Amino acid sequence: MLPAGQVSYLEYIEEQLQDWQNKSIRRRLRFDATLLDFSSNDYLCLNRDGSHTQMLQSLAAEFSYDTVGSTGSRLIRGHWPSFEEAETQFCEWQDLPAALLFQSGYSANVGALSAISGPGDVAFCDRLCHASLLDGIRLSGAQRHYFHHNDLDHLESLLKKKGTRKSRWVLSEGVFSMDGDCPDVRGILDLCHKYDATLYLDEAHALGYLGSRRSPGGGLVAALREQASISSQELHDRIILSFPMGKAPGIMGGFVAGGKALREFLINRARSFVFSTAQPPILAAMIARIVRNFQEGAYDDRMLHLRSNAEFLRSKMESLGRQSTSQSAIVPFLIGDARDALEMSKHLETNGFDVRAIRPPTVAEGSSRLRITVHSCHSTESIARLLATVLDADLHSRN
Ligand SMILES: Cc1ncc(COP(=O)(O)O)c(C=O)c1O
Numbered sequence: 039m040l041p042a043g044q045v046s047y048l049e050y051i052e053e054q055l056q057d058w059q060n061k062s063i064r065r066r067l068r069f070d071a072t073l074l075d076f077s078s079n080d081y082l083c084l085n086r087d088g089s090h091t092q093m094l095q096s097l098a099a100e101f102s103y104d105t106v107g108s109t110g111s112r113l114i115r116g117h118w119p120s121f122e123e124a125e126t127q128f129c130e131w132q133d134l135p136a137a138l139l140f141q142s143g144y145s146a147n148v149g150a151l152s153a154i155s156g157p158g159d160v161a162f163c164d165r166l167c168h169a170s171l172l173d174g175i176r177l178s179g180a181q182r183h184y185f186h187h188n189d190l191d192h193l194e195s196l197l198k199k200k201g202t203r204k205s206r207w208v209l210s211e212g213v214f215s216m217d218g219d220c221p222d223v224r225g226i227l228d229l230c231h232k233y234d235a236t237l238y239l240d241e242a243h244a245l246g247y248l249g250s251r252r253s254p255g256g257g258l259v260a261a262l263r264e265q266a267s268i269s270s271q272e273l274h275d276r277i278i279l280s281f282p283m284g285k286a287p288g289i290m291g292g293f294v295a296g297g298k299a300l301r302e303f304l305i306n307r308a309r310s311f312v313f314s315t316a317q318p319p320i321l322a323a324m325i326a327r328i329v330r331n332f333q334e335g336a337y338d339d340r341m342l343h344l345r346s347n348a349e350f351l352r353s354k355m356e357s358l359g360r361q362s363t364s365q366s367a368i369v370p371f372l373i374g375d376a377r378d379a380l381e382m383s384k385h386l387e388t389n390g391f392d393v394r395a396i397r398p399p400t401v402a403e404g405s406s407r408l409r410i411t412v413h414s415c416h417s418t419e420s421i422a423r424l425l426a427t428v429l430d431a432d433l434h435s436r437n
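Shown next, in the form of structure tokens:
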């Protein structure tokens, strides 16, 4: 018997599960390879069409080290040459001075942010920032403030009000993972200059969709550099970039990029880097190869198809009165209620489509949605069919 008022953890989790079930926000693992994929982040179909499998096989045949596991953290015995190859190749592609490869985008953001910021700092986070950014800041002990999504007036009002601290950070994403829209990076940087802050920008979903001639698929900042909207000096002084590789590049790992001193600092202080086994070295070799392919234009045709497919879906939705703020491969279809979103996702499943319902706490209460992701290898016919199925179900649920 537990003392009065105390509950066992088993009781607690049973209660929670039941509560989530009642509210239609209980998450479940499911996988069905027969469904048409409109939910993964394999935007360029590098996995779907077997390209990555072939790449891995050819790398395995030529890989010079007889190991699969890295056998340690990079600071101990896990620093195989392919890690530095990947980092060097990445810096060439992105035209950046230095980058450090972490095991995932999550560990990159949590490790970097908790290392570079601390209790004396203040961080201004777009309220739609990914959990890995928010967790990194939380772990750092910095004071946190949230500005309305992409609302620079609100950001400025917070920057004005919240007095000076040791360092000030602004957190945002190149493309937001649940809305697919982009921030006004130039505007944010102007505020960073005015209020002496540094921008930490996560390019996870911008990679492979946005970019420049110099850095094909290199992300939002690469595109802005080409338009001369961001100077090299600013890039050095005011911006830290994070590049999770699990989305369009179709692999895993995450680079944090900035100056050489930043890389050295993270090697010494980013706890997710220092205290965790490095990924298999062949994975780093594969990342280097993928990055080289981006740089050499091998994925240019895929990116063209991807953009044209995303524009097709957006314009179809708009012609049907469904405005979208998306500027990427992520095109949300807003529903509102979690139960309705779940029903819609099930309806799509029975019609052969894999589209997931995104519900609280991933998105705000009342903003549950279908998160549709468009891929380069979708046909316009399948996109049109998906949209017709969504609209048909939407119409029925409203009547
Ligand atoms: C914006 C953003 N940052 C970081 C991550 C985490 O990256 P990873 O999946 O490589 O851990 C994600 C993945 O969901 C993301 O959407």
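The opening position of the sequence shown corresponds to residue 39 in this note's numbering, with each subsequent residue numbered one higher. Note that CB positions come from ideal geometry on N, CA and C, so glycine has one too. Note that the structure is a prediction, hence the values are computed from the model and not measured.
Boundaries of the alpha helix (DSSP H) in which residue i is found, first to last residue
{"i": "residue 301", "result": "298-307"}
{"i": "residue 152", "result": "143-154"}
{"i": "residue 131", "result": "119-132"}
{"i": "residue 352", "result": "338-357"}
{"i": "residue 94", "result": "89-100"}
Neighbourhood of residue i by C-beta distance below 8 Å, restricted to the same chain and skipping five residues each side
{"i": "residue 418", "result": "347 and 350"}
{"i": "residue 111", "result": "311, 312, 313, 314, 315 and 316"}
{"i": "residue 192", "result": "185 and 186"}
{"i": "residue 123", "result": "322, 323 and 326"}
{"i": "residue 278", "result": "150, 154, 236, 237, 238, 239, 294, 295, 296 and 300"}
Same chain, Cβ closer than 6 Å to residue i, neighbours up to 5 away in sequence not counted
{"i": "residue 167", "result": "209"}
{"i": "residue 181", "result": "160"}
{"i": "residue 175", "result": "151, 161 and 182"}
{"i": "residue 144", "result": "170"}
{"i": "residue 342", "result": "none"}
{"i": "residue 147", "result": "170, 171, 174 and 280"}
CB contact flag (residue i, residue j, <8 Å)
{"i": "residue 254", "j": "residue 333", "result": "yes"}
{"i": "residue 73", "j": "residue 387", "result": "yes"}
{"i": "residue 235", "j": "residue 250", "result": "no"}
{"i": "residue 340", "j": "residue 83", "result": "yes"}
{"i": "residue 247", "j": "residue 81", "result": "yes"}
{"i": "residue 178", "j": "residue 155", "result": "yes"}
{"i": "residue 259", "j": "residue 297", "result": "no"}
{"i": "residue 344", "j": "residue 420", "result": "no"}
{"i": "residue 218", "j": "residue 369", "result": "yes"}
First and last residue of the uninterrupted beta strand (DSSP E) at residue i
{"i": "residue 238", "result": "236-240"}
{"i": "residue 165", "result": "It is not in any beta strand (DSSP E) - residue 165 carries neither H nor E in the DSSP assignment."}
{"i": "residue 181", "result": "181-185"}
Residue i beta carbon near ligand 2 (any heavy atom closer than 7 Å)
{"i": "residue 147", "result": "Ligand 2 is not part of this structure, which contains only ligand 1."}
Neighbourhood of residue i by C-beta distance below 7 Å, restricted to the same chain and skipping five residues each side
{"i": "residue 76", "result": "391, 392, 393, 410, 411 and 424"}
{"i": "residue 272", "result": "227"}
Integer Cβ distance of residue i from residue j, believed to fall under 8 Å
{"i": "residue 285", "j": "residue 242", "result": "5 Å"}
{"i": "residue 127", "j": "residue 263", "result": "Contact doesn't hold; Cβ gap of about 19 Å is too wide."}
{"i": "residue 114", "j": "residue 397", "result": "That belief does not hold up - the Cβ atoms of residue 114 and residue 397 are roughly 41 Å apart, past 8 Å."}
{"i": "residue 230", "j": "residue 276", "result": "5 Å"}
{"i": "residue 134", "j": "residue 125", "result": "In fact, because the Cβ distance is near 10 Å, the residues do not count as touching under 8 Å."}
{"i": "residue 216", "j": "residue 401", "result": "6 Å"}
Is the stretch 282-296 touching the stretch 319-337, taking contact as three or more C-beta pairs under 8 Å? Touching, per the Cβ criterion.
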